[in-house]
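**Student:** This is the structure, below, for whatever I ask next.
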Amino acid sequence: MNQSADALQKQWKRYLEAFQCELADKEAERMINTWNPYQVERNFQFSRNISYYATGTFRGVGFRDTAQDIMAMIPFDLERSKDKLMQLLGQQYCDGHVNHYFFPTEGWDPVTSIHSDDHLWPILTVYDLIMEEGSLQFLEEPVAWYDGGKASVWQHLQQAIQFTLAHLGERGFPLMLRSDWNDQLFRVCRQGKGESIWTAMQFGTALLRMRELAGLLHDDVAETLYRNVYQQQQQLVNTLGWDGAWFRRAIMDNGLYLGTKDNAEAKLWLNAQTWSVISEMGDLDKCHQAMNSVAEFLDTPLGIKKIHPSITTFPSPEDPLTNYNKGTGENGAIFCHANTWAIIAECMLGRGDRAWKYYRQLIPNVAMQQATPERYKAEPYVYASNLFGPESDKFGLANVSWLTGTAAWMYIAATQYILGIKPRWHGLEVKPCLPTNWQEATVIRMFRGKKMRIKISWQATEITEIA
Ligand code: IFM
Numbered sequence: 000m001n002q003s004a005d006a007l008q009k010q011w012k013r014y015l016e017a018f019q020c021e022l023a024d025k026e027a028e029r030m031i032n033t034w035n036p037y038q039v040e041r042n043f044q045f046s047r048n049i050s051y052y053a054t055g056t057f058r059g060v061g062f063r064d065t066a067q068d069i070m071a072m073i074p075f076d077l078e079r080s081k082d083k084l085m086q087l088l089g090q091q092y093c094d095g096h097v098n099h100y101f102f103p104t105e106g107w108d109p110v111t112s113i114h115s116d117d118h119l120w121p122i123l124t125v126y127d128l129i130m131e132e133g134s135l136q137f138l139e140e141p142v143a144w145y146d147g148g149k150a151s152v153w154q155h156l157q158q159a160i161q162f163t164l165a166h167l168g169e170r171g172f173p174l175m176l177r178s179d180w181n182d183q184l185f186r187v188c189r190q191g192k193g194e195s196i197w198t199a200m201q202f203g204t205a206l207l208r209m210r211e212l213a214g215l216l217h218d219d220v221a222e223t224l225y226r227n228v229y230q231q232q233q234q235l236v237n238t239l240g241w242d243g244a245w246f247r248r249a250i251m252d253n254g255l256y257l258g259t260k261d262n263a264e265a266k267l268w269l270n271a272q273t274w275s276v277i278s279e280m281g282d283l284d285k286c287h288q289a290m291n292s293v294a295e296f297l298d299t300p301l302g303i304k305k306i307h308p309s310i311t312t313f314p315s316p317e318d319p320l321t322n323y324n325k326g327t328g329e330n331g332a333i334f335c336h337a338n339t340w341a342i343i344a345e346c347m348l349g350r351g352d353r354a355w356k357y358y359r360q361l362i363p364n365v366a367m368q369q370a371t372p373e374r375y376k377a378e379p380y381v382y383a384s385n386l387f388g389p390e391s392d393k394f395g396l397a398n399v400s401w402l403t404g405t406a407a408w409m410y411i412a413a414t415q416y417i418l419g420i421k422p423r424w425h426g427l428e429v430k431p432c433l434p435t436n437w438q439e440a441t442v443i444r445m446f447r448g449k450k451m452r453i454k455i456s457w458q459a460t461e462i463t464e465i466a
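0 is the number of the first residue of the sequence shown in numbering that gives the first Met the number 0; add one for each residue after it.
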């Protein structure tokens, strides 16, 4: 073998060795050991630029997508993760908001639209990095603000919280601003009055992590602030945010709720249910009911739809919320990225069989067999952004493979929630949430310079350090 092929092989071997598992389900094992980490790395490296679907000329580095991509790279390569995080934090302004896209390769001006979620994502990423490394040092690193001056990573994260606090709406939820994670929502908040209930949940998730970091830094003032703000937002989520059988998604400019049984279309939105659990904000009985509504109205044999029912005219025929056809893209497709959060939420509720069902049905080869290859029409080894939903006559068509946050979050869902191996400040936590018919699983994972063997079974979990 020539030298460069040999070096390449060694490099991938070293990368993949960070986490290897042995499972009874070989389709899942193959994804977790090889293909999913491979897609994670390609997305980390190339962001949303290259594929059969994309020209690679206008997407640049998307702030929110990249912050999420880094989360899955952390167990594989801390240094690359840190470099990319620094690059992202360099796009933050001193009031706490960030550029939406930037173009480090092309040198073009960034896209400066302000979204309610972008600046909050690095909090989740930095938190994971700190837990993986077991050191607070990274929080002290200086980073320049995009608009001049510099501050530590910790100050950058604190300013992100301040920005959201300074941009709350009339009812107290974070203002939607241009949109939240769902790009399409700009159409119902153009006047700047719309509020995002989902962003309140993302904010809550960030506040939990900030509170823990503030505790580790012995910053009592910050810890108290983050606890209080969390409680205020939590109260809103469980009152104004609750619709009776699920959580509402947003408040539109006109003051009406999005994601309520009162609407004929887009009554139920997946993300508001999953993040009520992930943020630990939803009352437990409400979370159970919300995730049961997901199973009842959104789940299909090929994955979970993002909204139900799809939109044709909502909120008005002249200006519908989306111009995607029914059952496609952001409009009632099986949006794979958002499916990963349903897996995590079900694990957090301790419902392993349902989590596993949601995980398994989107394994690309499983989904392709279920849809049939003639319908699926994409690679059977990488995640796609979405599959056309049952309201489309192309139900099962996989769309935009490779370029998707699904890769990062599916990896996190499988390794940290189903297998339950999660770095915490005091060490590696093993809290699996397996399907009931599994006997055992074995994982070899690198952690803080040591190689650990973790044997998981219904009887006991064994962790040993191996040479
Ligand atoms: O969150 C976005 C992402 O940034 C780009 N693709 C679509 C997602 C959902 O709207």
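Glycine included, each C-beta is placed from N, C-alpha and C at the ideal position.
Only counting runs of 4 or more residues, tell me where the alpha helix (DSSP H) segments fall wholly within the stretch 210 to 239, in order along the chain.
**Tutor:** The stretch 210 to 239 contains these whole alpha helix (DSSP H) runs: 219 to 237.
**Student:** Counting only runs of 4+ residues fully inside the stretch 21 to 93, write out the alpha helix (DSSP H) ranges in chain order.
**Tutor:** Listed in chain order, the complete alpha helix (DSSP H) runs (minimum 4 residues) inside the stretch 21 to 93 are 25 to 29, 35 to 45, 62 to 72, 77 to 88.
**Student:** Look at the Cβ atom of arginine 47, then the Cβ atom of leucine 396, and state whether they are nearer than 9 Å.
**Tutor:** Going by C-beta atoms, arginine 47 is not nearer than 9 Å to leucine 396.
**Student:** Return helix, strand or coil for arginine 452, following the three-state DSSP convention.
**Tutor:** Here arginine 452 sits in strand by DSSP.
**Student:** Quick check on this structure: which residue in Ile69, Tyr92, Glu16, Asn98 has the alpha carbon closest to the alpha carbon of leucine 84?
**Tutor:** The residue with the shortest Cα to Cα distance from leucine 84 is Ile69.
**Student:** Check whether the Cβ of aspartate 352 sits closer than 8 Å to any heavy atom of the ligand IFM, and report yes or no.
**Tutor:** Incorrect: aspartate 352 has no Cβ contact closer than 8 Å to the ligand IFM.
**Student:** Given a threshold of 16 other Cβ atoms within 10 Å of its Cβ, counted over all protein chains shown, does leucine 255 qualify as buried or as exposed?
**Tutor:** Under this definition leucine 255 is an exposed residue.
**Student:** Counting only beta-carbon separations shorter than 9 Å, does alanine 397 have a partner in chain C?
**Tutor:** The displayed structure is made up of one protein chain only, and chain C is not part of it.
**Student:** Would proline 363 and alanine 383 be called neighbours here (beta carbons separated by less than 9 Å)?
**Tutor:** Contact flag set, yes.
**Student:** Would you call the stretch 365 to 380 in contact with the stretch 305 to 324, where contact means no fewer than 3 C-beta pairs closer than 8 Å?
**Tutor:** Touching, no, given that fewer than three Cβ pairs across the two stretches are closer than 8 Å.
**Student:** Just to confirm, is the Cβ distance from alanine 467 to methionine 72 under 9 Å?
**Tutor:** This structure cannot settle anything about residue 467, because the visible part of the chain is limited to 0 through 466.
**Student:** Could you check if arginine 444 belongs to the surroundings of the ligand IFM, using beta carbon to heavy atom distance under 8 Å?
**Tutor:** Answer for arginine 444: no, Cβ out of range of the ligand IFM.
**Student:** CB-CB under 7 Å to leucine 320, same chain, minus the five flanking residues each way: which ones, in chain order?
**Tutor:** Taken in chain order, the residues that qualify are Gln183, Arg186, Val187, Ala265, Ile310, Phe313, Pro314.
**Student:** With which residues is aspartate 298 paired in a DSSP beta bridge?
**Tutor:** Ile303, per the DSSP bridge assignment.
**Student:** Which ranges would you report for the beta strand (DSSP E) in the stretch 379 to 420 if only whole runs of at least 3 residues count?
**Tutor:** If we require 3 residues or more, the beta strand (DSSP E) runs fully inside the stretch 379 to 420 come out as 383 to 386, 397 to 400.
**Student:** Of all the options Val429, Leu164, Asn35, which has the alpha carbon lying nearest to the alpha carbon of histidine 96?
**Tutor:** Cα-wise, what sits closest to histidine 96 is Leu164.
**Student:** Quick check on this structure: which residue in Gln360, Asp5, Phe172, Val399 has the alpha carbon closest to the alpha carbon of valine 228?
**Tutor:** That would be Phe172, whose Cα lies nearest to the Cα of valine 228.
**Student:** I think glutamate 21 touches threonine 441, with their Cβ atoms under 8 Å apart; what is that distance to the nearest whole Å?
**Tutor:** Rounded, the Cβ-Cβ distance is 4 Å, consistent with contact.
**Student:** Relative to the C-alpha of arginine 170, which candidate in Ala249, Tyr416, Gly388, Val60 has its C-alpha closest?
**Tutor:** Measuring from the Cα of arginine 170, the nearest candidate turns out to be Ala249.
**Student:** Which first and last residues belong to the alpha helix (DSSP H) in which proline 141 is found?
**Tutor:** Per DSSP, proline 141 belongs to no alpha helix (DSSP H); it is in the beta strand (DSSP E), 141 to 143.
**Student:** Have a look at Glu78, His336, Pro389 and flag the residue whose alpha-carbon is nearest the alpha-carbon of tyrosine 14.
**Tutor:** Selected option, being the one with the closest Cα: Glu78.
**Student:** Keeping to the same chain, check which residues put their C-beta closer than 7 Å to that of phenylalanine 334; ignore five residues upstream and five downstream.
**Tutor:** Contacts found: Lys305, Asn385.
**Student:** Quick one: is the Cβ of histidine 155 within less than 8 Å of any heavy atom of the ligand IFM?
**Tutor:** No, the beta carbon of histidine 155 sits no closer than 8 Å to any heavy atom of the ligand IFM.
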